[in-house]
DNA sequence: GCCGTTTTCGGCCCGACTGTTTTCAGTCG
């Protein structure tokens with residue numbers, strides 16, 4: 315069973331307990347455990363069976379046992395009991411923003427509302443207002459939220475690329491205003507998360523109200539909230555909520571830190587602070603005993619006051635980064651400027667939009683020393699395949715290009731070969747042997763089942779001429795689940811054979827994800843950050859690949875293509891034949 | 001239910017906002 319499914323069961327049980335009126339910390343424990351399970355890179359099912367799930371912060375013996383019961387019986391006994399007491403559809407009702415478990419329980423007890431349909435009827439008939447403490451506004455809110463639910467409202471998550479495009483434009487407009495002083499993008503976008511729900515911007519201003527007006531009058535704004543000296547809120551035409559907060563310069567660091575999150579990171583930070591007799595909020599850090607407040611104009615001061623080294627936004631997961639910062643043992647993170655070449659790109663020979671020369675020019679423009687051209691292989695289909703004789707001609711073209719290429723730059727002759735359903739790859743060994751670089755990826759038959767698919771990828775890994783596995787898990791963010799594979803077994807095989815793993819920088823892939831990247835790097839697998847560029851402009855997607863590497867805590871030593879070609883080339887499996 | 005440079009018991013982040021209410025509980029990020 316997948317982590318996401320297990321997490322849903324644990325979260326549902328938490329909500330059922332909450333409806334039942336359980337101790338709130340117990341409820342919080344279930345919700346946190348669900349989040350930990352959802353974010354865990356390895357298989358929770360396997361860990362629970364081995365009894366090691368309790369090694370994760372937030373999972374204890376009790377929840378591990380509940381996971382085991384879920385795996386064995388397909389249901390958690392405690393959840394079964396509670397569902398006998400409350401209709402299962404009651405959990406759905408708590409998903410309406412503004413309605414928590416307490417309110418939902420009262421609606422059930424007093425009005426018999428147990429589903430979204432009954433909730434809607436009660437709101438329409440104005441029956442909700444008879445419950446003490448609830449009024450007409452609640453009915454209005456319920457109907458509005460039910461409407462959004464049907465329309466797939468503004469609460470849906472977006473790809474980071476979409477958020478950065480809109481957020482970047484708004485931040486630029488705010489910075490351009492003479493009313494502004496400092497303006498920064500905060501929130502999950504600043505942490506370079508895979509997907510984001512909304513945009514948070516924090517600022518200081520010479521004229522706060524005027525700056526808030528800049529946001530409200532921006533052409534991207536559709537719905538507008540009120541502008542005040544504290545900030546403003548809009549919803550863009552494409553449905554993204556944007557929140558601007560403005561504070562005095564002396565507490566800008568506190569505000570930026572707070573609204574960068576993550577929530578889990580902030581909670582962990584405040585727990586640490588509490589033990590030091592300090593209380594942290596977005597306005598400052600208070601010494602509880604003396605009442606003295608420290609306001610920080612930058613984040614370095616915030617972390618410094620708590621005895622911590624500055625923590626890069628990408629590392630703020632709420633995990634081990636705080637202990638590392640306390641011990642001054644934070645990893646040095648890879649930067650985009652340290653990347654010396656890209657190892658996954660396409661041209662018009664397969665499904666790319668630009669020619670060999672155009673891709674090469676773009677790579678040189680980025681200051682790269684090398685670019686691997688890895689068009690799709692012979693069985694790719696969709697009319698985008700490259701037959702063996704075409705690939706041979708391509709190798710010659712690349713040799714010709716390199717013969718007159720500017721000093722310090724070379725194209726690499728490569729391929730992104732399909733991993734065939736039986737684990738074989740396209741092209742014979744002789745042709746593969748003539749290439750500089752071979753990426754192997756799964757593009758078809760990805761519903762073979764875990765065992766078969768894992769074995770299939772491992773046989774590609776064991777191929778002596780396969781240098782790297784492309785987009786290992788095949789997921790498409792917000793669209794397609796990863797293939798059903800045993801990633802840990804794949805990582806083991808990659809480590810044994812010296813096969814590299816890619817972090818694909820397409821913003822809809824980010825594959826492998828940060829948790830796997832960390833495990834792989836720790837197992838000694840060399841990681842390459844690539845773009846899978848299908849056009850010259852998408853070479854810029856290296857920023858997303860690097861973002862995932864940074865979130866994994868990887869430094870230049872672990873990212874192989876931070877090396878120049880001279881020292882990268884010998885790391886390839888083929889170089890060791 | 002989880003967890004431990006105060007703790008194996010007794011705690012568990014902080015503040016803003018909302019809608020309702022005359023001082024606050026619930027919800028959210």
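Numbering (this note's numbering), first residue to last: 315 to 891.
Heads up, the beta-carbon is just placed ideally off N, CA and C, and yes, glycines get one too.
As the structure is a prediction and not an experimental result, all values here were calculated from the model.
Shown here for residue 829: same chain residues with a beta carbon closer than 6 angstroms to its own, the five before and five after excluded, namely 355 in chain order. Cα atoms of residue 700 and residue 541: separation of roughly 57 angstroms, rounded to the nearest angstrom.
Residue 617 sits in a helix when the DSSP states are folded into three classes. Sixteen is the threshold: when 16 or more other Cβ atoms of the shown chains lie within 10 Å of the Cβ of residue 734, as they do, the residue is buried. Residues 661, 662, 676, 849 and 850 of the same chain have their beta carbon placed closer than 8 angstroms to that of residue 668, with the five preceding and five following residues left out of the count. Boundaries of the beta strand (DSSP E) around residue 684: 684-687.
Annotation: residue 790 to residue 777 spans about 26 angstroms, alpha carbon to alpha carbon. In the DSSP assignment, residue 430 falls within the unbroken alpha helix (DSSP H) covering 430-438. Judged by beta-carbon spacing, residue 421 lies beyond the 8 angstroms limit of residue 444, meaning their Cβ atoms are not closer than that value. Here the segment 407-416 makes no contact with the segment 317-325; the two share fewer than three CB pairs at distances below 8 angstroms. Taken through DSSP and simplified to helix, strand or coil, residue 596 comes out as coil. Just so you know, the alpha carbons of residue 508 and residue 424 end up roughly 42 angstroms apart. Contact between residue 724 and residue 684 is confirmed by a C-beta separation of about 5 angstroms, below the 8 angstroms threshold. Residue 441 is positioned such that its CB atom lies no closer than 8 angstroms to that of residue 628. Put simply, the segment 393-403 touches the segment 428-437. At least three CB pairs are less than 8 angstroms apart. The secondary-structure analysis by DSSP pairs residue 361 with nothing; it has no beta-bridge partner. With 16 or more neighbouring CB atoms inside 10 Å of its own CB, residue 852 falls in the buried class. Excluding sequence positions up to five before and after residue 519, its CB lies within less than 6 angstroms of the CB of 493, 494, 495, 525 and 560, all in the same chain and listed in chain order. For the pair residue 703 and residue 730, the Cα-to-Cα distance works out to about 16 angstroms. Going by beta carbons, residue 833 and residue 805 fall inside the 8 angstroms limit.
For residue 756, same chain residues with a beta-carbon under 7 angstroms away, outside a window of 5 residues either side, are 733, 771, 788 and 797 in chain order. With a 10 Å radius around the Cβ and a threshold of 16 neighbouring Cβ atoms, residue 748 comes out exposed. When only Cα atoms are considered, residue 763 and residue 844 end up about 28 angstroms apart.
In this structure, the beta-carbon distance from residue 558 to residue 575 does not fall below 8 angstroms. Our two residues, residue 616 and residue 825, have alpha carbons roughly 33 angstroms apart in a direct line. Here the C-alpha atom of residue 483 lies approximately 43 angstroms from the C-alpha atom of residue 884. Between residue 548 and residue 535, the CB-CB gap stays under 8 angstroms. For a cut-off of 8 angstroms, the C-beta gap from residue 488 to residue 529 is around 7 angstroms, short enough to register as a contact.
Secondary structure note for residue 387: its alpha helix (DSSP H) is the uninterrupted segment 375-387. Counting C-beta atoms within 10 angstroms of its own C-beta, residue 380 has 16 or more neighbours from the protein chains shown and is therefore classed as buried.
By the C-beta criterion, the segment 646-655 is judged not to be in contact with the segment 582-600, since fewer than 3 inter-stretch pairs fall below 8 angstroms. For residue 845, there is no enclosing beta strand (DSSP E), as DSSP marks it with neither H nor E. Nearest in C-alpha terms to residue 753, of all of 886, 506 and 891, is 886. In this structure, the beta-carbon distance from residue 516 to residue 570 falls below 8 angstroms. Partner residues in the beta bridge of residue 782, as assigned by DSSP, are 753 and 814. Going by C-alpha positions, residue 486 is about 40 angstroms away from residue 319.
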